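Trainee: Plus 3 on top of the position in the sequence shown (first one is 1) and you've got my numbering. One structure is given below, represented as structure tokens, and several questions about it will come after.
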Amino acid sequence: PETKRILSEVAFWDVYYEHCSYFTQSSLQAVFENCGFEVLENSLEYKDQYITIYAKPDPRTESPAQPKALASSLTSVSADDVSDYQSKLQSTLELWSKRLDAWSQAGKKVCIWGSGSKSIGFIFTIPESRCIDFVVDINPHKNGNLMPGTHQQIVLPEKLKDISPDVVIIMNEIYLQEISADIAKMGLTPEILALS
Numbered sequence: 004p005e006t007k008r009i010l011s012e013v014a015f016w017d018v019y020y021e022h023c024s025y026f027t028q029s030s031l032q033a034v035f036e037n038c039g040f041e042v043l044e045n046s047l048e049y050k051d052q053y054i055t056i057y058a059k060p061d062p063r064t065e066s067p068a069q070p071k072a073l074a075s076s077l078t079s080v081s082a083d084d085v086s087d088y089q090s091k092l093q094s095t096l097e098l099w100s101k102r103l104d105a106w107s108q109a110g111k112k113v114c115i116w117g118s119g120s121k122s123i124g125f126i127f128t129i130p131e132s133r134c135i136d137f138v139v140d141i142n143p144h145k146n147g148n149l150m151p152g153t154h155q156q157i158v159l160p161e162k163l164k165d166i167s168p169d170v171v172i173i174m175n176e177i178y179l180q181e182i183s184a185d186i187a188k189m190g191l192t193p194e195i196l197a198l199s
């Protein structure tokens, strides 16, 4: 995961145990260069969510005695970025808590789309997310299973016709248009939001 994006978007759902290390483009490049690799390409992928780096061993260099400086032309994280994240996190959590609580109080059926790590991070961070009725996932092997710890049932997209949700929260905004179109094809008109 790309740390600068996580901090700037307050993407708390992307901070979890499976991501055992966090980098910016410049810090990842520095790691490779300091380990004697020549970086061929360093880019952001998947709507800037992840860093992709292509490198090869550089036979011309020995492992340097002193670490190289971070490449200033690439993204880096400042102390202000971390402070901003900390201050914005509380308001972001409050916003989602209030939304979920309001939907629950109004008796609305709420589904989230995606049963992966972003969903788990979201559900476990916000207690009000227990009001989420179902979790939608296109993976047929997950159909009928339960989310870990919170036990929302995972269903295939076709099940939305029977559920007729009032709200669908898409866990990865990169799929917003595609999922919105799929929901519209089912003749459903829920409020659709995406984590971003």
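Virtual Cβ for every residue (Gly too), placed ideally from N, Cα, C. None of these values were measured; they are calculated from a predicted model.
Relative to the alpha-carbon of isoleucine 123, which residue among Ala82, Lys7 and Ala14 has its alpha-carbon at the smallest distance?
Mentor: Selected option, being the one with the closest Cα: Ala14.
Trainee: Can you round the beta-carbon distance between leucine 10 and valine 80 to whole angstroms, since I take them to be within the 8 Å contact cut?
Mentor: Indeed they touch by this definition, with Cβ atoms about 6 Å apart.
Trainee: Contact between the segment 84-92 and the segment 49-62 is defined here as three or more beta-carbon pairs at a separation below 8 Å; is this criterion met?
Mentor: Because the criterion of three Cβ pairs below 8 Å is not met, the segment 84-92 and the segment 49-62 do not touch.
Trainee: Does the segment 157-168 come into contact with the segment 130-139, if we say contact requires no fewer than three beta-carbon pairs (one atom in each stretch) closer than 8 Å?
Mentor: Flag = yes, the segment 157-168 and the segment 130-139 touch.
Trainee: Cα separation between isoleucine 195 and valine 170?
Mentor: Looking at the two C-alpha atoms, the distance is approximately 6 Å.
Trainee: Does valine 34 come out as helix, strand or coil in the three-state DSSP assignment?
Mentor: Here valine 34 sits in helix by DSSP.
Trainee: Below 7 Å CB to CB, which residues in the same chain sit around serine 120 once its five sequence neighbours on both sides are set aside?
Mentor: Excluding positions up to five away in sequence, the list reads Tyr19 and Glu21.
Trainee: Give the single residue among Pro193, Asn148 and Leu43 whose Cα lies nearest to the Cα of leucine 163.
Mentor: Ranking the options by Cα distance to leucine 163, first place goes to Pro193.
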